[in-house]
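I have placed the structure first, in the form of structure tokens, so that the comments after it can refer back to it.
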Amino acid sequence: MHCHTGSVHAHPRSEHTPGHRRRWLDRHPPAPRNDGCGAGSMQSYVGQPLSYAYATDAAMNARILRPGMITNMMYDAQRLNFHVDSGDTITRIACG
Numbered sequence: 000m001h002c003h004t005g006s007v008h009a010h011p012r013s014e015h016t017p018g019h020r021r022r023w024l025d026r027h028p029p030a031p032r033n034d035g036c037g038a039g040s041m042q043s044y045v046g047q048p049l050s051y052a053y054a055t056d057a058a059m060n061a062r063i064l065r066p067g068m069i070t071n072m073m074y075d076a077q078r079l080n081f082h083v084d085s086g087d088t089i090t091r092i093a094c095g
């Protein structure tokens with residue numbers, strides 16, 4: 000009788016950390032969902048300093064998400080999120 004413990008197909012633990020998923024999402028941003036927050040029109044700011052986006056009306060009420068920052072996971076289709084790296088360069092813009 001064969002008993003499968005799952006260890007044969009286990010991945011290294013580092014691949015399943017929250018930081019790994021965040022880094023993967025930063026490199027592979029999902030397509031905007033229903034773009035209720037206007038993220039689609041802001042995509043030209045990806046790769047630019049955060050200060051460039053502050054010049055727009057849309058960014059006035061946006062949430063800035065920095066590396067390692069703790070946030071709630073509640074999705075709000077109307078909320079604009081700017082994901083930035085440690086140098087305040089925009090890496091992703093999405094609703095949420």
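For the sequence shown, counting from 1, position 10 maps to 9 in numbering that gives the first Met the number 0; every step adds exactly one. Each residue gets a CB set at the ideal place from its N, CA and C atoms; glycine is no exception.
Determine the DSSP secondary structure at D75, reduced to helix, strand or coil.
Note: D75 maps to coil in three-state DSSP.
With burial defined as no fewer than 16 other Cβ atoms inside 10 Å of the residue's Cβ, what is the status of A76: buried or exposed?
The residue in question, A76, is exposed, as its Cβ has fewer than 16 Cβ neighbours within 10 Å.
Return the first residue and the last residue of the beta strand (DSSP E) that A93 is part of.
Run containing A93: 89-94, per the beta strand (DSSP E) assignment.
With V83 and R65 assumed to form a contact (beta carbons below 8 Å), what rounded beta-carbon distance in angstroms separates them?
Correct: roughly 6 Å between the Cβ atoms.
Per DSSP, which residues does V83 bridge with? Please list them.
In the DSSP output, where bridge partners are listed per residue, V83 has I89.
Suppose contacts are defined by Cβ-Cβ distances below 8 Å. Is I92 in contact with Q47 by that definition?
Taking 8 Å as the Cβ cut-off, I92 and Q47 do not qualify as a contacting pair.
Length of the line joining the Cα atoms of F81 and A58:
Their backbone Cα atoms lie some 9 Å apart in a straight line.
Which residue comes first and which comes last in the beta strand (DSSP E) that contains I63?
Element bounds for I63: 62-64.
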